[in-house]
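Number of protein chains: 2
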Amino acid sequence: MTSGDAPEEGRIPDSTVRRISGYLRILEDLTAAGARTVSSYELARRAGATPAQVRKDLSLFGQFGKRGTGYHIGQLHDEVKKILGLNRHWRVCLVGAGNLAHALFAYREFAREGFQIEAIFDNDPEKIGQDWNGLSVLSVARMVDQVRRRDLEIGLITTPAAAAQEVADSLVRAGVKGILNFAPRKLFVPEGTRLRNVNLAIELESLSFFLK
Amino acid sequence: MTSGDAPEEGRIPDSTVRRISGYLRILEDLTAAGARTVSSYELARRAGATPAQVRKDLSLFGQFGKRGTGYHIGQLHDEVKKILGLNRHWRVCLVGAGNLAHALFAYREFAREGFQIEAIFDNDPEKIGQDWNGLSVLSVARMVDQVRRRDLEIGLITTPAAAAQEVADSLVRAGVKGILNFAPRKLFVPEGTRLRNVNLAIELESLSFFLK
DNA sequence: TGTTGTGAAGGCGTTCACAGCC
DNA sequence: GGCTGTGAACGCCTTCACAACA
Numbered sequence: 011m012t013s014g015d016a017p018e019e020g021r022i023p024d025s026t027v028r029r030i031s032g033y034l035r036i037l038e039d040l041t042a043a044g045a046r047t048v049s050s051y052e053l054a055r056r057a058g059a060t061p062a063q064v065r066k067d068l069s070l071f072g073q074f075g076k077r078g079t080g081y082h083i084g085q086l087h088d089e090v091k092k093i094l095g096l097n098r099h100w101r102v103c104l105v106g107a108g109n110l111a112h113a114l115f116a117y118r119e120f121a122r123e124g125f126q127i128e129a130i131f132d133n134d135p136e137k138i139g140q141d142w143n144g145l146s147v148l149s150v151a152r153m154v155d156q157v158r159r160r161d162l163e164i165g166l167i168t169t170p171a172a173a174a175q176e177v178a179d180s181l182v183r184a185g186v187k188g189i190l191n192f193a194p195r196k197l198f199v200p201e202g203t204r205l206r207n208v209n210l211a212i213e214l215e216s217l218s219f220f221l222k
Numbered sequence: 011m012t013s014g015d016a017p018e019e020g021r022i023p024d025s026t027v028r029r030i031s032g033y034l035r036i037l038e039d040l041t042a043a044g045a046r047t048v049s050s051y052e053l054a055r056r057a058g059a060t061p062a063q064v065r066k067d068l069s070l071f072g073q074f075g076k077r078g079t080g081y082h083i084g085q086l087h088d089e090v091k092k093i094l095g096l097n098r099h100w101r102v103c104l105v106g107a108g109n110l111a112h113a114l115f116a117y118r119e120f121a122r123e124g125f126q127i128e129a130i131f132d133n134d135p136e137k138i139g140q141d142w143n144g145l146s147v148l149s150v151a152r153m154v155d156q157v158r159r160r161d162l163e164i165g166l167i168t169t170p171a172a173a174a175q176e177v178a179d180s181l182v183r184a185g186v187k188g189i190l191n192f193a194p195r196k197l198f199v200p201e202g203t204r205l206r207n208v209n210l211a212i213e214l215e216s217l218s219f220f221l222k
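Listed in order, the protein sequences are those of chains A and B.
Position 166 (the first sequence) corresponds to 176 in the working numbering; numbering is contiguous.
Position 105 (the second sequence) corresponds to 115 in the working numbering; numbering is contiguous.
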């Protein structure tokens, strides 16, 4: 192996990735506040984690700190963006043009981290042709073709549960690399496509479990 | 201990609770399809889990199956609803009357599982007084009083990140039992209040990590 | 035979604790 | 002295495998 390679990312726990995504937001807050360096203790305090956890998480990707000093915020920020694959833009489409899609479309955080929503699809004639801030809602019939042609990489599914698996199949066929599913059913995709399920009902129900 | 007590719930993993919430939806699908019994194998297949996992999850709460036959769907459905604390209604309020709040307000799944949104708060004069399907958006200034008076139990926070912690503090002061936070910052609440953070940016960013 | 319930084994992420360096 | 990086210990969730039972 040649020296100068990026550190090998062995097996990275999902929980580590999620925490690191949280650190990113904290680093942005710290930057805005004018800080230059931050210790694993401070980062942990703000993230609701432990210092050892923070150091272990980061150490899985390289050595970014200085003993005695901590981490340089600007540098760590750039490293974290690279780690998460946010040092580029992602071409995203929305499937299902309902209320949730509208919220995602308007979500500042997405645009700020480089996720560009470039197409919106629905099958409701009432919605097809709607103008969303300059973007025209298209028929799902055109989805596969459009996703291929524009090389869209990520699909956000916000359709009703009954339609979600079929939409996912089409997105996979059209060649998206990843899917974020908000429909309240677990979806399945072939090996090679990444899928993440966000189920709002589960969040609220698991809250109610701990309250009862 | 008297016999006839509900089985003691020792330490239940969060992951178990979330999976059980997923089983609930599957049981509802099966009921709609007219099935009477289901095995741990079938339940696992649909949930994307393993049969042993399903059996272990359920066994933490009692013995609901019949050897050789599987689980009676109707009965298991009722048990699961009880386990999750869904055999009752929950009084919920929304804080922040933006796009995401609108999506949550319209989300069928919540109403179907007994979460009743009984108040909406915002601090934007443009939004205060808006009619949301018969519910009037109120000023956050009235939040603590209203939450107390109406004995609201769960708060859904959809404000901008900068305001979220302050809103959470007020909700705790007003006596809510649980908070579901959608603002992209980790919040902190005192022991005794349950908090769950849903961070959409993290979901999309951790997807991008695995795609890069 | 079919399928559950569960103790035991295994695997994996978290925490500890300290060597190493600034 | 302060703080990072990390191997080792720990603990917890998952998986295994089989006894029990319809």
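C-beta: ideal position from N, C-alpha, C; glycine also.
Fair warning: this is a prediction, and the values are worked out from it, not measured in the lab.
Query, Result
"Please identify the residue among B:Leu-162, B:Tyr-33, B:Gly-108 and B:Gln-126 whose C-alpha is closest to the C-alpha of Asn-133 of chain B.", "B:Gly-108"
"Does DSSP put Val-27 of chain A in a helix, in a strand, or in coil?", "helix"
"In chain order, which beta strand (DSSP E) runs of at least 3 residues are fully inside the stretch 78-104 of chain B?", "80-82"
"Among residues of its own chain, excluding the 5 on either side of Trp-100 of chain A, which ones have a beta-carbon nearer than 8 angstroms to its beta-carbon?", "Gly-124, Phe-125, Gln-126, Glu-163 and Ile-164"
"Grouping DSSP H, G and I as helix and E and B as strand, with all else coil, what is Ala-129 of chain A?", "strand"
"How is Gly-202 of chain B classed by DSSP in three states: helix, strand or coil?", "coil"
"Using a Cβ-Cβ cut-off of less than 9 angstroms, give me the residues of the stretch 124-158 of chain A that come near chain B, in sequence order.", "Gly-124 and Phe-125"
"Within its chain, find whatever has a CB closer than 6 angstroms to the CB of Gly-32 of chain B; leave out the 5 residues flanking it on each side and keep chain order.", "Ala-57"
"Thinking C-alpha only, which one of A:Asp-88, A:Glu-52, A:Glu-38 and A:Glu-89 is nearest Thr-79 of chain A?", "A:Glu-52"
"Consult DSSP for Phe-219 of chain B and reduce its assignment to one of helix, strand or coil.", "helix"
"Roughly how many whole angstroms lie between the Cα atoms of Arg-28 of chain B and Ala-184 of chain B?", "28 angstroms"
"Residues of chain A with CB closer than 7 angstroms to the CB of Tyr-117 of chain B, please, in chain order.", "Leu-210"
"In terms of residue numbering, what span does the beta strand (DSSP E) encompassing Val-147 of chain B cover?", "145-149"
"For Thr-60 of chain A, does the count of other Cβ atoms within 10 angstroms reach 16, so buried, or fall short, so exposed?", "exposed"
"Buried or exposed: which applies to Asn-143 of chain A, given that a residue is buried once 16 or more other Cβ atoms fall within 10 Å of its Cβ?", "exposed"
"Since Pro-200 of chain B meets chain A, which of its residues come closer than 7 angstroms, beta carbon to beta carbon?", "Correct list: empty, because the minimum Cβ distance to chain A is about 14 angstroms."
"Where does Arg-159 of chain A land, buried or exposed, given buried means 16+ other C-beta within 10 angstroms?", "exposed"
"Between the stretch 111-119 of chain A and the stretch 80-90 of chain A, are three or more C-beta pairs nearer than 8 angstroms?", "no"
"Which runs of the alpha helix (DSSP H) fall wholly inside the stretch 166-202 of chain A and span at least 4 residues, in chain order?", "171-184"
"Below 8 angstroms between beta carbons: does that hold for Leu-190 of chain A and Leu-214 of chain B?", "yes"
"Identify the contact partners of His-112 of chain A in chain B, using a Cβ-Cβ distance below 8 angstroms as the criterion.", "Asn-109, His-112 and Ala-113"
"Is Asp-67 of chain A buried or exposed, if buried means 16 or more other CB atoms sit within 10 Å of its CB?", "buried"
"Per DSSP, Lys-76 of chain B is paired with what?", "B:Gly-80"
"What's the call for Pro-170 of chain A, buried or exposed, on a 16-neighbour Cβ count within 10 Å?", "exposed"
"Just to check my reading of the structure: Ala-129 of chain B and Ile-167 of chain B have Cβ atoms closer than 8 angstroms, yes? What is that Cβ distance to the nearest angstrom?", "Contact doesn't hold; Cβ gap of about 13 angstroms is too wide."
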